[in-house]
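Here the structure is laid out as C-alpha cells; the discussion comes afterwards.
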Amino acid sequence: MFVEALGRYGPGYTPPSQYQLRETLLKAEVQRTKETLKKQEEEWKANGCSVMTDAWTDGKKRSIMNLCVNCKLGTTFLSSKDTKDDSHTGQYIFEYVDGCIGEIGEENVVQVVPVSWWDFYGNETPHLKFMAKRILGLTTSSSGCERNWSTFEGIHTKKRNRLDTTR
C-alpha cells in the first residue's frame, strides 16, 4: 500500500524531512486526534457511554489490563496498565475502573461491563461463571473477540503449516 501511494507521485517525490515528521506533521496529527476525541467526549455527554475492561496475558506471561469507552461513534481506547506485578483483586480492578469513570465523568457512564470480575471471583460457581461471562460478553465487550483470537492463534504455527492435503 505504501509503495502504491508512493508510486502516485512518481520518481520526483521528495519525502518529508525528519524535522517535518517529528514537528510539523506530528503536531498536525496530534491535533486531528484531539478533535476526534473531542467529538466522542461530546457524544458521551449527550447520550452516555459504556466502560469496558479487558485483561489478557501474552505469551511471555505479561499481564495487561485495558480500559475502553464505547459510544455510538465507536470505541475509544482510554488506558492500559501493566499488571504483571499486581494482585488482581476486586479492590484493585475497582480502583482502576473508578479512576477511569472519574476521568470520563460519572454522569456520562451508562454501563460498566463486568466480564473480568467473573474471571477472578466466579471459581466457586463454575457453571454460573460460564453463563455469566457468555451473557455479559454479548453486547459491548471485547471478551468474545479475545476468545476467538486465542483459538485462531494456533492456525499459522509450524505444525499446522506442515500438514498437506492428500491428492
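So that you can map any letter, position 110 of the sequence shown is 130 in my numbering, and since no number is skipped, the others follow by simple counting. A virtual CB, placed ideally from N, CA and C, is assigned to each residue, including glycine.
1. How many Å lie between residue 45 and residue 24 at the Cα?
2. Where do the ends of the alpha helix (DSSP H) carrying residue 46 lie?
3. Are three or more beta carbon pairs between the stretch 97-111 and the stretch 73-86 nearer than 8 Å?
4. For residue 72, count neighbouring Cβ atoms within 10 angstroms of its own Cβ and tell me buried if that reaches 16, exposed if not.
5. Taking its Cβ as the centre, do 16 or more other Cβ atoms sit within 10 Å of residue 48, making it buried, or is it exposed?
6. Checking 9 Å against the spacing of the C-beta atoms, do residue 132 and residue 68 come in under that value?
7. Could you tell me whether the Cβ atoms of residue 64 and residue 125 are closer together than 9 Å?
8. Starting from residue 102, follow the beta strand (DSSP E) in both directions and report where the run begins and ends.
9. Near residue 112, what residues of its chain come up, given a Cβ to Cβ distance below 7 Å and the 5 sequence neighbours on each side ignored?
10. Where do the ends of the alpha helix (DSSP H) carrying residue 26 lie?
11. Is the distance from the Cβ of residue 41 to the Cβ of residue 33 below 9 Å?
12. Thinking just about the alpha-carbon of each residue, which of 149, 77, 61, 43 is nearest to the one in residue 97?
13. Going by DSSP, what residues sit across from residue 86 in a beta bridge?
14. Over the uninterrupted alpha helix (DSSP H) stretch that includes residue 106, give me the two end residues.
15. Whole angstroms are fine: how far does the CA of residue 70 sit from the CA of residue 90?
16. Quick one: residues in its chain with C-beta nearer than 8 Å to the C-beta of residue 94, no 5 flanking neighbours on either side, listed in chain order?
17. Can you tell me which residues form a DSSP beta bridge with residue 120?
This is what the structure gives:
1. Distance between the alpha carbons of residue 45 and residue 24 is about 21 Å.
2. 45-67
3. yes
4. buried
5. exposed
6. no
7. yes
8. 94-102
9. 106
10. 22-29
11. no
12. 61
13. Bridge partners of residue 86 according to DSSP: 74, 100.
14. Run containing residue 106: none; DSSP gives neither H nor E here.
15. 5 Å
16. 60
17. The partner list for residue 120 (beta bridge, DSSP) is empty, contrary to what the question assumes.
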